[in-house]
Amino acid sequence: MANSTSNSESPSADGIQEPGRRDFIVVATYAMGAVGAGAVAWPLIDQMNPAADTLALASTEVDVSKIAEGQAITVTWRGKPVFIRHRTADEIARANAVDSADLRDPEEDETRVQRPELLVVVGVCTHLGCVPLGQKTGDVRGEYDGWFCPCHGSHYDTSGRIRKGPAPTNLAVPPYSFVSDNVIQIG
Amino acid sequence: MSAAKFSNPVVRWIDHRLPVFSMLDHTAHEYPTPKNLNYMWNFGSLAGLSLVIMIVTGIVLAMSYTAHVDYAFGSVERIMRDVNHGWLIRYIHMNTASFFFIVVYLHIFRGLYYGSYKAPRELLWILGVVIFLLMMATAFMGYVLPWGQMSFWGATVITNLFSAIPVVGESIVTFLWGGFSVDNPTLNRFFSLHYLMPFVIAGVVVLHIVALHRFGSNNPIGIDTKGPQDTISFHPYYTIKDIVGVALFLLLLAVAVFFYPNAMGHPDNYIPANPMQTPAHIVPEWYFLPFYAILRAVPDKLGGVLLMFGAIGVLFILPWLDRSPVRSARFRPLFRIFFWLLVVDAVALGYLGGKPAEGSYVVMARIATAWYFLHFLVILPALSIFENTKPLPKSISEPVLATTGEAV
Chain A
1 MANSTSNSES PSADGIQEPG RRDFIVVATY AMGAVGAGAV AWPLIDQMNP AADTLALAST
61 EVDVSKIAEG QAITVTWRGK PVFIRHRTAD EIARANAVDS ADLRDPEEDE TRVQRPELLV
121 VVGVCTHLGC VPLGQKTGDV RGEYDGWFCP CHGSHYDTSG RIRKGPAPTN LAVPPYSFVS
181 DNVIQIG
Chain B
188 MSAAKFSNPV VRWIDHRLPV FSMLDHTAHE YPTPKNLNYM WNFGSLAGLS LVIMIVTGIV
248 LAMSYTAHVD YAFGSVERIM RDVNHGWLIR YIHMNTASFF FIVVYLHIFR GLYYGSYKAP
308 RELLWILGVV IFLLMMATAF MGYVLPWGQM SFWGATVITN LFSAIPVVGE SIVTFLWGGF
368 SVDNPTLNRF FSLHYLMPFV IAGVVVLHIV ALHRFGSNNP IGIDTKGPQD TISFHPYYTI
428 KDIVGVALFL LLLAVAVFFY PNAMGHPDNY IPANPMQTPA HIVPEWYFLP FYAILRAVPD
488 KLGGVLLMFG AIGVLFILPW LDRSPVRSAR FRPLFRIFFW LLVVDAVALG YLGGKPAEGS
548 YVVMARIATA WYFLHFLVIL PALSIFENTK PLPKSISEPV LATTGEAV
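Set out below in structure tokens:
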């Protein structure tokens, strides 16, 4: 290997080598290798995301006409319980009477319902994920007459808002719409 | 030790306590390799790459696969249709299995041609045959998992082979099945073992490479390296040459995966397994066809099983069958002819293995089987004694340097 392939690779006067063709090729190779590795890695990682059939199960339809006033039902949506309560006039009034500035997670009751008598919330405590009590007759409903989470003592009111205890936010309201007078579609 | 080679202090700190960087440097960077290796030496690294691809895609597929007779077929179809990129990962897994065998067969035939199995590399060769056997077991069990017609009936035929063993045969088959036929217990244990085997293969591959590095690679003229004048460092010369091989391999794999993903498979495996109905022609995947041909060539059940395993058995003892002191076929003109006849014979066996065992196919399969064993058990030992080999060069560098008058 008597001759160098390019003058740009022999050291200059101060001993520093100029970048040459070989360096370009090496850097380009590693760069393409990195792009290739990323292109290979992405499908292998993305396949763990929900599959098409899982996403298709994202909606649940519920006939709400059978729920009597003061009664609540629990349905499954995306693997989680959803509480649907047909609220009494008293419960609605108490929900509206609260000044939202006093709430840890301020929300007006009317923004959480589409029809005031029908409250639809995801039945998962926003603290660490237990299912709160209050759906069955005889269940403890907490100091605010909504739901009570036995795991760490979070109390929710008649609008499903956190009033006392460690939960940071109100019970989530899932996206839902009325596909007919009596039937809602959640998700 | 060469810890001083690394400029990065973190690297030096780790290497002093766990010499992994020195080991990598010694194994794959500075490692002296014969400078005359041709492209037939690329297949080892391609086999290693194939193993990695199979393990990665396999682990990912196992996240969505269900190993139960009622759900297996459906879970594979779910992977194909619903899982994100599932079709791609599945097609890569099943086509790389075929490519793995293509690459390994070329690797084996390279070894046969250049005498890479000869002293002092006998154990290296034997470890390779062990890897080959493990690959066959893994591929066989993997093919059962989709629970198609060929999965089920191929499993039935091959597990039934063990009933040929006298006295204990039936009990062994019941033991393998976990029941009275290929059924859910069989599928479950095949899934477990199919997941396990590739890691056993990886372990034997490590031994294979350690054995290789003991004496270094063979080379096309079969003459030992005599010093630094005969070698070049593995990096960058053979790393880049291997990358060229990898690029071509991946290109061909992509053609298969994206344009002809089912070309090497059997359409019957898209029919869910039906224990009540046998397909017209049960055939294993193409890479098993030569052994299938040998199995069916023998009219006796036990004889067929013994000869089929014997076909791999002769590979184990090859270093002791061929004792010619000349390694490479380059200098063995008669051996070379018989080598190519063996290649033709292997391809013929593969072709016949895919045909029904009827008529003239039976006769041809018997001739091809007989020739296979004749080659290893008679011709090779005879050649060791009687062949007139061509004169060997003094060294790898000699033909090149002799003209410049430099030392050889």
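These protein sequence lines are chains A and B, in that order.
Position 122 (the first sequence) corresponds to 122 in the numbering used here; numbering is contiguous.
Position 301 (the second sequence) corresponds to 488 in the numbering used here; numbering is contiguous.
Note that the Cβ used here is the ideal one computed from N, Cα and C, for glycine as well.
In this text, all values refer to a predicted model and were calculated from it rather than measured experimentally.
Whole-angstrom Cβ separation of residue i and residue j, contact assumed at under 8 Å?
{"i": "B/L564", "j": "B/V513", "result": "That pair is no contact at about 20 Å."}
{"i": "B/A342", "j": "B/V331", "result": "5 Å"}
{"i": "A/V173", "j": "A/R94", "result": "Wrong, their Cβ atoms sit about 18 Å apart, outside the cutoff."}
{"i": "B/K192", "j": "B/P506", "result": "Their Cβ separation, rounded to whole angstroms, is 37 Å, which puts B/K192 and B/P506 out of contact at 8 Å."}
{"i": "B/G156", "j": "B/F260", "result": "Coverage of chain B is limited to positions 188 through 595, which leaves residue 156 of chain B absent and any answer about it impossible."}
{"i": "B/Y479", "j": "B/P466", "result": "With 8 Å as the limit, B/Y479 and B/P466 do not qualify as a contact, their Cβ atoms being about 15 Å apart."}
Between residue i and chain A, is the shortest Cβ-Cβ distance under 8 Å, so that the two count as touching?
{"i": "B/R265", "result": "yes"}
{"i": "B/L275", "result": "yes"}
{"i": "B/D417", "result": "no"}
{"i": "B/M250", "result": "yes"}
{"i": "B/H272", "result": "yes"}
{"i": "B/D269", "result": "yes"}
{"i": "B/V442", "result": "no"}
{"i": "B/V247", "result": "yes"}
{"i": "B/V198", "result": "no"}
{"i": "B/P219", "result": "no"}
Do residue j and residue i come within 8 Å of each other at the CB atom, strictly closer than that value?
{"i": "B/V391", "j": "B/L299", "result": "no"}
{"i": "B/A484", "j": "B/A552", "result": "yes"}
{"i": "B/G231", "j": "B/H294", "result": "yes"}
{"i": "B/P407", "j": "B/R517", "result": "yes"}
{"i": "B/Y278", "j": "B/P448", "result": "yes"}
{"i": "B/V316", "j": "B/I481", "result": "no"}
{"i": "A/F127", "j": "A/G142", "result": "The question names Phe, but residue 127 of chain A is His in the sequence shown. No; because the gap between Cβ atoms is not below 8 Å, this pair is not in contact."}
{"i": "B/H562", "j": "B/F525", "result": "yes"}
{"i": "B/A351", "j": "B/V492", "result": "yes"}
{"i": "B/K222", "j": "B/T418", "result": "yes"}
{"i": "B/L380", "j": "B/M322", "result": "no"}
{"i": "A/K41", "j": "B/V270", "result": "What sits at residue 41 of chain A in the sequence shown is Ala, not Lys. In this structure, B/V270 does not lie closer than 8 Å to A/A41 by Cβ."}
{"i": "A/G123", "j": "A/V82", "result": "yes"}
{"i": "B/L311", "j": "B/L439", "result": "no"}
{"i": "B/V501", "j": "B/F560", "result": "yes"}
{"i": "B/F378", "j": "B/A544", "result": "no"}
{"i": "B/V534", "j": "A/L44", "result": "no"}
{"i": "A/G165", "j": "A/G146", "result": "no"}
Provide the residue span of the beta strand (DSSP E) that contains residue i, from first to last.
{"i": "A/L119", "result": "118-122"}
{"i": "A/F83", "result": "80-86"}
{"i": "A/V62", "result": "60-63"}
{"i": "A/F148", "result": "145-149"}
{"i": "B/I419", "result": "418-420"}
Counting C-beta neighbours from all protein chains within 10 Å, is the total for residue i 16 or more, i.e. buried, or is it exposed?
{"i": "B/S582", "result": "buried"}
{"i": "B/N225", "result": "exposed"}
{"i": "B/H468", "result": "exposed"}
{"i": "B/P462", "result": "exposed"}
{"i": "B/V290", "result": "buried"}
{"i": "B/S515", "result": "buried"}
{"i": "B/P353", "result": "exposed"}
{"i": "B/I246", "result": "exposed"}
{"i": "A/N170", "result": "buried"}
{"i": "A/I84", "result": "buried"}
{"i": "A/Q114", "result": "exposed"}
{"i": "A/A68", "result": "exposed"}
{"i": "B/F182", "result": "The question about residue 182 of chain B has no answer here: the residues shown for chain B are numbered 188 through 595."}
{"i": "A/S65", "result": "exposed"}
Quick one: does residue i have its CB under 8 Å from some CB of chain B?
{"i": "A/E18", "result": "no"}
{"i": "A/Q47", "result": "yes"}
{"i": "A/L44", "result": "yes"}
{"i": "A/D197", "result": "With chain A running from 1 to 187 in the structure shown, residue 197 of chain A is simply not present."}
{"i": "A/D53", "result": "yes"}
Please list the terminal residues of the continuous alpha helix (DSSP H) segment that includes residue i.
{"i": "A/Q185", "result": "Segment 183-186 is the beta strand (DSSP E) holding A/Q185; no alpha helix (DSSP H) there."}
{"i": "B/H203", "result": "196-204"}
{"i": "A/R163", "result": "Looking at the DSSP string, A/R163 is not in any alpha helix (DSSP H); the run it does join, the beta strand (DSSP E), is 162-164."}
{"i": "B/I430", "result": "426-446"}
{"i": "B/F287", "result": "273-301"}
{"i": "B/H213", "result": "207-215"}
{"i": "B/A351", "result": "Segment: none, B/A351 is in no alpha helix (DSSP H) and carries neither H nor E."}
{"i": "B/H381", "result": "371-402"}
{"i": "A/Y30", "result": "21-46"}
{"i": "B/A324", "result": "309-331"}
Is residue i near the ligand SAM, in the sense that its beta carbon is under 7 Å from a heavy atom of that ligand?
{"i": "B/Y304", "result": "Only the bare structure without any ligand can be found here, which leaves the ligand SAM out of the picture."}
So is residue i in contact with chain D if we call contact Cβ pairs under 8 Å?
{"i": "B/V243", "result": "The structure shown contains no chain D; its protein chains are A and B."}
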